[in-house]
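Student: If you scroll down you'll find the structure; I have some questions about it.
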Amino acid sequence: QDYLAFGSNDYLGLASHPALIDSACRGAAQYGVGAGASHLIVGHSAAHHQLEQELAAFVQQEAALTFSTGYMANLGIVSALMGRNDLVLADKLNHASLNDAALLSRARFQRYSHFDLKQLEVMLASAKHRRKLVVTDAVFSMDGDIAPVPELLALCERYDASLMLDDAHGFGVLGKHGRGVLEYFGIASPRIIYMATLGKAAGVFGAFVAGSETLIQTVMQRARTYIYTTAFPPLLASALITSLHLMREEGWRRQHLRELAAYLKQRLNTPGWRLLPSETPIQPLIIGGNREVMAVSEALRERGILVPAIRPPTVPKGEARLRISLSAAHSKEDVRRLCEILNEIGETF
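Per the working numbering: the sequence shown = residues 40 to 388.
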(Lines of atoms letter the chains of each structure in order from A and count residues from 1; the text may use other names and numbers.)
(Lines give C-alpha, C1' and ligand atoms only; values in the text may rest on other atoms or scores of the structure.)
Protein backbone atom coordinates (compact mmCIF):
# COMPACT_ATOMS: atom_id res chain seq x y z
CA GLN A 1 0.00 0.00 0.00
CA ASP A 2 1.16 3.52 -0.76
CA TYR A 3 1.10 6.12 2.01
CA LEU A 4 1.57 9.86 2.24
CA ALA A 5 4.51 9.97 4.68
CA PHE A 6 5.45 12.73 7.10
CA GLY A 7 8.27 10.92 8.88
CA SER A 8 11.32 11.24 6.64
CA ASN A 9 14.34 13.48 7.20
CA ASP A 10 14.65 14.01 3.43
CA TYR A 11 13.92 17.68 4.04
CA LEU A 12 14.82 19.01 0.59
CA GLY A 13 13.32 16.09 -1.32
CA LEU A 14 16.68 15.19 -2.89
CA ALA A 15 16.90 11.48 -2.02
CA SER A 16 15.09 10.43 -5.20
CA HIS A 17 16.30 13.26 -7.42
CA PRO A 18 17.23 11.96 -10.91
CA ALA A 19 20.47 13.96 -10.93
CA LEU A 20 21.65 12.26 -7.72
CA ILE A 21 20.72 8.84 -9.03
CA ASP A 22 22.61 9.53 -12.24
CA SER A 23 25.68 10.73 -10.31
CA ALA A 24 25.61 7.63 -8.13
CA CYS A 25 25.45 5.41 -11.22
CA ARG A 26 28.34 7.24 -12.86
CA GLY A 27 30.28 7.02 -9.60
CA ALA A 28 29.69 3.27 -9.45
CA ALA A 29 30.86 2.90 -13.06
CA GLN A 30 34.03 4.84 -12.28
CA TYR A 31 34.92 3.54 -8.79
CA GLY A 32 32.90 0.35 -8.29
CA VAL A 33 30.41 -0.12 -5.48
CA GLY A 34 32.84 -0.19 -2.55
CA ALA A 35 35.83 1.83 -1.38
CA GLY A 36 37.87 -1.29 -0.62
CA ALA A 37 39.86 0.14 2.28
CA SER A 38 39.94 2.78 4.98
CA HIS A 39 40.53 6.41 4.06
CA LEU A 40 44.13 6.38 5.28
CA ILE A 41 45.08 3.29 3.27
CA VAL A 42 43.72 3.43 -0.30
CA GLY A 43 39.99 3.99 0.26
CA HIS A 44 40.02 7.77 -0.10
CA SER A 45 38.99 8.41 -3.71
CA ALA A 46 39.11 11.58 -5.79
CA ALA A 47 35.35 11.82 -5.21
CA HIS A 48 35.85 11.81 -1.42
CA HIS A 49 38.52 14.49 -1.76
CA GLN A 50 36.37 16.71 -3.96
CA LEU A 51 33.39 16.28 -1.63
CA GLU A 52 35.41 17.36 1.39
CA GLN A 53 36.70 20.43 -0.45
CA GLU A 54 33.18 21.38 -1.54
CA LEU A 55 31.73 20.80 1.93
CA ALA A 56 34.35 23.08 3.48
CA ALA A 57 33.62 25.78 0.91
CA PHE A 58 29.86 25.41 1.35
CA VAL A 59 29.95 25.91 5.13
CA GLN A 60 32.75 28.50 4.80
CA GLN A 61 35.38 26.63 6.81
CA GLU A 62 39.03 25.90 6.05
CA ALA A 63 38.67 22.14 5.76
CA ALA A 64 36.29 19.22 6.20
CA LEU A 65 36.52 15.50 6.91
CA THR A 66 33.86 12.92 6.03
CA PHE A 67 32.63 10.02 8.16
CA SER A 68 30.37 7.09 7.36
CA THR A 69 27.58 8.15 9.76
CA GLY A 70 26.71 10.95 12.13
CA TYR A 71 27.06 8.58 15.07
CA MET A 72 30.58 7.62 14.01
CA ALA A 73 31.46 11.27 13.43
CA ASN A 74 30.44 12.32 16.93
CA LEU A 75 32.21 9.37 18.57
CA GLY A 76 35.35 10.08 16.59
CA ILE A 77 35.45 13.86 16.98
CA VAL A 78 34.92 14.05 20.74
CA SER A 79 37.20 11.12 21.58
CA ALA A 80 39.91 12.58 19.32
CA LEU A 81 39.84 15.96 21.03
CA MET A 82 39.06 15.16 24.66
CA GLY A 83 40.46 12.78 27.27
CA ARG A 84 41.17 12.32 30.95
CA ASN A 85 41.42 15.60 32.91
CA ASP A 86 39.11 17.28 30.35
CA LEU A 87 35.47 18.32 30.73
CA VAL A 88 32.55 17.81 28.35
CA LEU A 89 29.33 19.73 29.06
CA ALA A 90 26.19 18.70 27.19
CA ASP A 91 22.57 19.76 26.81
CA LYS A 92 20.34 17.13 28.45
CA LEU A 93 18.30 16.71 25.27
CA ASN A 94 21.30 16.05 23.02
CA HIS A 95 21.34 13.13 20.60
CA ALA A 96 22.51 9.87 22.18
CA SER A 97 25.63 9.82 20.01
CA LEU A 98 26.97 12.97 21.69
CA ASN A 99 26.46 11.42 25.13
CA ASP A 100 28.17 8.20 24.06
CA ALA A 101 30.99 10.24 22.53
CA ALA A 102 31.63 12.04 25.80
CA LEU A 103 31.65 8.77 27.75
CA LEU A 104 34.00 7.15 25.24
CA SER A 105 36.45 10.06 25.55
CA ARG A 106 36.90 9.34 29.29
CA ALA A 107 36.59 13.04 30.01
CA ARG A 108 34.49 14.26 32.93
CA PHE A 109 30.93 14.41 31.57
CA GLN A 110 28.21 16.69 32.91
CA ARG A 111 24.83 17.69 31.49
CA TYR A 112 22.94 20.94 31.91
CA SER A 113 19.16 21.38 31.65
CA HIS A 114 17.86 22.11 28.17
CA PHE A 115 18.90 25.64 27.13
CA ASP A 116 19.75 26.53 30.76
CA LEU A 117 22.54 29.02 30.15
CA LYS A 118 22.80 30.01 33.82
CA GLN A 119 23.43 26.43 34.88
CA LEU A 120 25.96 26.01 32.09
CA GLU A 121 27.79 29.15 33.19
CA VAL A 122 28.03 27.88 36.77
CA MET A 123 29.55 24.65 35.46
CA LEU A 124 32.04 26.48 33.26
CA ALA A 125 33.00 28.99 35.94
CA SER A 126 33.79 26.27 38.47
CA ALA A 127 35.69 24.01 36.07
CA LYS A 128 39.42 23.51 36.67
CA HIS A 129 39.93 21.06 33.83
CA ARG A 130 42.68 21.16 31.22
CA ARG A 131 40.26 21.51 28.30
CA LYS A 132 36.54 22.27 28.22
CA LEU A 133 34.08 21.40 25.45
CA VAL A 134 30.39 22.30 25.24
CA VAL A 135 28.47 19.97 22.91
CA THR A 136 24.94 20.55 21.66
CA ASP A 137 22.50 19.64 18.95
CA ALA A 138 21.99 22.68 16.75
CA VAL A 139 18.40 21.64 16.00
CA PHE A 140 16.81 19.24 18.48
CA SER A 141 15.19 16.38 16.64
CA MET A 142 12.15 15.81 18.86
CA ASP A 143 11.18 19.46 19.51
CA GLY A 144 12.50 21.18 16.40
CA ASP A 145 13.92 24.02 18.50
CA ILE A 146 17.21 25.74 17.65
CA ALA A 147 20.07 26.00 20.14
CA PRO A 148 20.99 29.53 21.33
CA VAL A 149 24.33 29.36 19.57
CA PRO A 150 25.40 33.03 20.00
CA GLU A 151 24.84 32.83 23.76
CA LEU A 152 26.60 29.47 23.99
CA LEU A 153 29.55 30.84 22.04
CA ALA A 154 29.74 33.89 24.32
CA LEU A 155 29.99 31.62 27.36
CA CYS A 156 32.66 29.52 25.68
CA GLU A 157 34.68 32.64 24.89
CA ARG A 158 34.31 33.92 28.45
CA TYR A 159 35.48 30.65 30.01
CA ASP A 160 37.93 29.49 27.33
CA ALA A 161 35.96 26.49 26.11
CA SER A 162 35.30 25.05 22.66
CA LEU A 163 31.80 24.63 21.22
CA MET A 164 30.77 21.60 19.15
CA LEU A 165 27.57 21.85 17.12
CA ASP A 166 25.74 18.80 15.75
CA ASP A 167 23.81 20.40 12.89
CA ALA A 168 22.30 17.18 11.56
CA HIS A 169 18.84 18.72 11.20
CA GLY A 170 19.94 22.26 10.27
CA PHE A 171 22.45 21.65 7.48
CA GLY A 172 20.84 22.35 4.11
CA VAL A 173 17.76 23.86 5.75
CA LEU A 174 18.74 26.80 7.96
CA GLY A 175 20.15 30.03 6.59
CA LYS A 176 19.52 31.84 3.34
CA HIS A 177 21.80 29.49 1.40
CA GLY A 178 21.20 26.38 3.52
CA ARG A 179 24.65 26.50 5.13
CA GLY A 180 23.13 25.64 8.48
CA VAL A 181 22.91 27.08 11.95
CA LEU A 182 26.03 29.26 11.66
CA GLU A 183 24.61 31.06 8.64
CA TYR A 184 21.22 31.26 10.37
CA PHE A 185 22.81 33.23 13.22
CA GLY A 186 25.46 34.92 11.08
CA ILE A 187 28.36 33.88 13.28
CA ALA A 188 31.81 32.33 12.88
CA SER A 189 34.49 31.47 15.40
CA PRO A 190 37.65 29.34 15.59
CA ARG A 191 36.20 27.92 18.82
CA ILE A 192 33.39 26.22 16.92
CA ILE A 193 33.62 22.59 15.80
CA TYR A 194 30.92 22.15 13.16
CA MET A 195 29.48 18.71 12.43
CA ALA A 196 26.56 17.79 10.18
CA THR A 197 25.08 14.73 8.49
CA LEU A 198 24.54 14.03 4.80
CA GLY A 199 21.59 11.64 4.95
CA LYS A 200 18.92 14.19 5.84
CA ALA A 201 18.63 17.43 3.82
CA ALA A 202 21.46 16.29 1.53
CA GLY A 203 19.47 13.16 0.77
CA VAL A 204 22.30 10.63 0.63
CA PHE A 205 24.47 9.18 3.42
CA GLY A 206 27.36 10.05 5.70
CA ALA A 207 28.51 12.95 7.85
CA PHE A 208 31.33 15.46 8.14
CA VAL A 209 33.18 17.74 10.51
CA ALA A 210 34.43 21.16 9.39
CA GLY A 211 36.75 23.73 10.91
CA SER A 212 40.36 24.85 10.84
CA GLU A 213 43.06 22.85 9.07
CA THR A 214 44.58 22.09 12.47
CA LEU A 215 41.29 20.74 13.81
CA ILE A 216 40.70 18.54 10.77
CA GLN A 217 44.24 17.14 10.82
CA THR A 218 43.91 16.35 14.52
CA VAL A 219 40.63 14.51 14.01
CA MET A 220 42.00 12.67 10.96
CA GLN A 221 45.01 11.38 12.89
CA ARG A 222 43.19 10.51 16.12
CA ALA A 223 39.56 9.59 15.40
CA ARG A 224 39.31 5.80 15.55
CA THR A 225 35.93 5.82 13.79
CA TYR A 226 37.67 7.44 10.82
CA ILE A 227 40.93 5.49 10.87
CA TYR A 228 39.76 1.95 11.53
CA THR A 229 36.84 1.52 9.16
CA THR A 230 36.30 1.18 5.43
CA ALA A 231 35.50 4.48 3.71
CA PHE A 232 31.92 4.88 2.56
CA PRO A 233 31.42 4.06 -1.16
CA PRO A 234 32.80 6.68 -3.59
CA LEU A 235 29.55 6.50 -5.57
CA LEU A 236 27.85 8.15 -2.57
CA ALA A 237 30.47 10.91 -2.59
CA SER A 238 29.66 11.47 -6.27
CA ALA A 239 25.96 11.76 -5.46
CA LEU A 240 26.70 14.14 -2.58
CA ILE A 241 28.69 16.49 -4.80
CA THR A 242 25.62 16.80 -7.02
CA SER A 243 23.43 17.23 -3.95
CA LEU A 244 25.55 20.16 -2.78
CA HIS A 245 25.21 21.81 -6.18
CA LEU A 246 21.42 21.48 -6.02
CA MET A 247 21.36 22.82 -2.47
CA ARG A 248 23.21 25.90 -3.69
CA GLU A 249 21.23 26.40 -6.89
CA GLU A 250 17.68 25.51 -5.85
CA GLY A 251 16.88 27.81 -2.96
CA TRP A 252 13.19 27.41 -3.78
CA ARG A 253 13.28 24.12 -1.86
CA ARG A 254 14.00 25.91 1.43
CA GLN A 255 11.43 28.58 0.65
CA HIS A 256 8.84 25.90 -0.10
CA LEU A 257 9.61 24.23 3.24
CA ARG A 258 9.04 27.50 5.11
CA GLU A 259 5.76 28.02 3.28
CA LEU A 260 4.60 24.49 4.11
CA ALA A 261 5.39 25.00 7.81
CA ALA A 262 3.43 28.25 7.85
CA TYR A 263 0.52 26.60 6.06
CA LEU A 264 0.52 23.71 8.56
CA LYS A 265 0.29 26.16 11.47
CA GLN A 266 -2.51 28.01 9.72
CA ARG A 267 -4.62 24.95 8.84
CA LEU A 268 -4.18 22.79 11.93
CA ASN A 269 -7.04 23.27 14.38
CA THR A 270 -6.75 20.80 17.25
CA PRO A 271 -7.42 22.69 20.52
CA GLY A 272 -6.74 19.63 22.68
CA TRP A 273 -3.28 19.17 21.22
CA ARG A 274 -0.30 21.52 21.05
CA LEU A 275 1.92 22.24 18.04
CA LEU A 276 5.37 23.29 19.23
CA PRO A 277 6.71 26.61 17.87
CA SER A 278 9.38 25.21 15.54
CA GLU A 279 11.04 27.17 12.72
CA THR A 280 12.32 23.95 11.15
CA PRO A 281 10.77 21.15 9.07
CA ILE A 282 10.29 19.25 12.35
CA GLN A 283 6.77 20.12 13.54
CA PRO A 284 5.95 18.18 16.74
CA LEU A 285 2.28 17.89 17.73
CA ILE A 286 1.99 17.11 21.44
CA ILE A 287 -0.82 14.60 22.03
CA GLY A 288 -0.07 13.67 25.64
CA GLY A 289 -0.66 10.05 26.60
CA ASN A 290 1.00 7.02 25.05
CA ARG A 291 -2.22 5.23 24.16
CA GLU A 292 -3.71 8.38 22.70
CA VAL A 293 -0.75 9.13 20.44
CA MET A 294 -0.68 5.55 19.18
CA ALA A 295 -4.41 5.71 18.46
CA VAL A 296 -4.00 8.95 16.51
CA SER A 297 -1.06 7.57 14.53
CA GLU A 298 -3.05 4.43 13.71
CA ALA A 299 -6.11 6.48 12.69
CA LEU A 300 -3.90 8.43 10.30
CA ARG A 301 -2.44 5.22 8.89
CA GLU A 302 -5.93 3.89 8.22
CA ARG A 303 -6.55 7.05 6.18
CA GLY A 304 -3.34 6.56 4.18
CA ILE A 305 -1.01 8.89 6.09
CA LEU A 306 2.13 7.88 8.01
CA VAL A 307 3.25 10.07 10.91
CA PRO A 308 5.52 8.48 13.56
CA ALA A 309 4.35 8.44 17.17
CA ILE A 310 7.13 9.33 19.62
CA ARG A 311 6.77 8.14 23.22
CA PRO A 312 8.83 8.12 26.43
CA PRO A 313 11.67 7.61 27.11
CA THR A 314 12.54 9.39 23.85
CA VAL A 315 10.40 12.33 25.02
CA PRO A 316 9.25 13.27 28.56
CA LYS A 317 6.36 11.42 30.19
CA GLY A 318 3.03 12.99 29.30
CA GLU A 319 4.46 14.60 26.15
CA ALA A 320 3.99 11.78 23.63
CA ARG A 321 3.73 13.34 20.20
CA LEU A 322 3.36 13.03 16.48
CA ARG A 323 6.65 14.06 14.90
CA ILE A 324 5.52 15.69 11.68
CA SER A 325 8.47 16.04 9.30
CA LEU A 326 7.96 18.24 6.27
CA SER A 327 9.81 17.88 2.98
CA ALA A 328 10.17 20.00 -0.13
CA ALA A 329 8.77 16.92 -1.88
CA HIS A 330 5.42 17.57 -0.16
CA SER A 331 2.85 19.73 -1.89
CA LYS A 332 0.53 22.25 -0.27
CA GLU A 333 -2.28 19.80 -1.01
CA ASP A 334 -0.42 17.08 0.94
CA VAL A 335 -0.25 19.32 4.01
CA ARG A 336 -3.89 20.38 3.58
CA ARG A 337 -4.91 16.71 3.56
CA LEU A 338 -2.86 15.98 6.69
CA CYS A 339 -4.38 18.92 8.57
CA GLU A 340 -7.92 18.10 7.45
CA ILE A 341 -7.67 14.52 8.70
CA LEU A 342 -5.94 15.53 11.95
CA ASN A 343 -8.66 18.10 12.60
CA GLU A 344 -11.31 15.42 12.08
CA ILE A 345 -9.53 12.95 14.36
CA GLY A 346 -9.05 15.65 16.98
CA GLU A 347 -12.80 16.15 17.28
CA THR A 348 -13.22 12.55 18.47
CA PHE A 349 -10.63 12.74 21.28
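The beta-carbon is built from N, C-alpha and C at its ideal position, and this holds for glycine as well.
The structure displayed is predicted, hence computed values, not measured ones.
(1) Any chance the stretch 153 to 160 sits against the stretch 229 to 243, with 3 or more Cβ pairs inside 8 Å?
(2) What residues match up with Phe148 in a beta bridge as DSSP calls it?
(3) Please state whether DSSP places Tyr42 in a helix, a strand or coil.
(4) Which one of Leu303, Leu274 and Ala348 has the shortest CA to CA distance from Glu3?
(5) Closest by CA to Ile232, which one among Gly73, Ser55, Glu101 and Leu59?
(6) Run through the DSSP bridge pairs and tell me what Phe388 is partnered with.
(7) For the alpha helix (DSSP H) that contains Asp111, what are its first and last residues?
(8) How would you label Leu345, buried or exposed, when you count the other beta carbons within 10 angstroms and need 16 or more for buried?
(9) In the DSSP assignment, the beta strand (DSSP E) including Phe106 goes from what residue to what residue?
(10) According to DSSP, which residues form a beta bridge with Pro57?
(11) Using only CA atoms, which one of Phe179, Phe45, Leu172 and Leu314 lies nearest to Ser201?
(12) On the DSSP bridge list, what partners appear for Met234?
(13) Where does Arg350 fall in DSSP's three states?
(14) Taking the alpha carbon of Val354 as the reference point, which residue from Glu93, Asp130 and Ile325 has its own alpha carbon closest?
(15) Within 10 angstroms of its Cβ, does Cys195 collect 16 or more other Cβ (buried), or is it exposed?
(16) On the DSSP bridge assignment, give the partners of Thr175 in chain order.
(17) Closest to Glu379 by C-alpha separation, out of Ala338, Arg360 and Ile226, would be which residue?
(18) Report the residue from Ala74, Ala58, Ala44 and Val98 whose alpha carbon sits nearest the alpha carbon of Ala235.
(19) Are Ile185 and Gly209 closer than 9 Å when you measure CB to CB?
(20) Mind listing, in chain order, the continuous beta strand (DSSP E) runs of no fewer than 3 residues lying wholly within the stretch 292 to 366?
(21) Near Met111, what residues of its chain come up, given a Cβ to Cβ distance below 6 Å and the 5 sequence neighbours on each side ignored?
(22) Would you call the stretch 269 to 288 and the stretch 70 to 90 touching, i.e. three or more CB-CB distances under 8 Å?
(23) Is the number of C-beta pairs between the stretch 212 to 225 and the stretch 73 to 92 that are closer than 8 Å three or more?
Tutor: In brief:
(1) They do not touch, by the three-pair rule.
(2) According to DSSP, which records beta bridges pairwise, Phe148 is partnered with Val127.
(3) If DSSP states are grouped into helix, strand and coil, Tyr42 belongs with coil.
(4) This structure leaves residue 3 out entirely; the chain is present only between 40 and 388.
(5) Nearest Cα to Ile232 within the set Gly73, Ser55, Glu101 and Leu59: Glu101.
(6) According to DSSP, Phe388 bridges with nothing at all.
(7) First, the residue type needs correcting, since residue 111 is Met and not Asp in the sequence shown. Counting along the chain, the alpha helix (DSSP H) containing Met111 begins and ends at Gly109 to Leu120.
(8) That one is exposed.
(9) Residues Ala102 to Phe106.
(10) The bridge partners DSSP lists for Pro57 come to none.
(11) Nearest C-alpha to Ser201: Leu172.
(12) Note: Met234 is bridge-paired with Asp205 and Val248 in the DSSP secondary-structure output.
(13) Secondary structure at Arg350: coil, using DSSP grouped into helix, strand and coil.
(14) Relative to the Cα of Val354, the nearest Cα in the group Glu93, Asp130 and Ile325 belongs to Ile325.
(15) When all chains shown are included, Cys195 counts as buried.
(16) In the DSSP output, where bridge partners are listed per residue, Thr175 has Leu204.
(17) When each option's Cα is compared against that of Glu379, the closest is Ala338.
(18) Checked all of Ala74, Ala58, Ala44 and Val98; the closest Cα to Ala235 is Val98.
(19) With contacts defined by Cβ atoms closer than 9 Å, Ile185 and Gly209 form a contacting pair.
(20) With a minimum length of 3 residues, the continuous beta strand (DSSP E) runs that stay inside the stretch 292 to 366 are 321 to 327 and 359 to 364.
(21) Hits under 6 Å: Thr264.
(22) A contact is defined here as three or more CB-CB pairs under 8 Å, and the stretch 269 to 288 meets this definition with respect to the stretch 70 to 90.
(23) With a cut-off of 8 Å on Cβ pairs, the stretch 212 to 225 is not in contact with the stretch 73 to 92, counting fewer than three such pairs.
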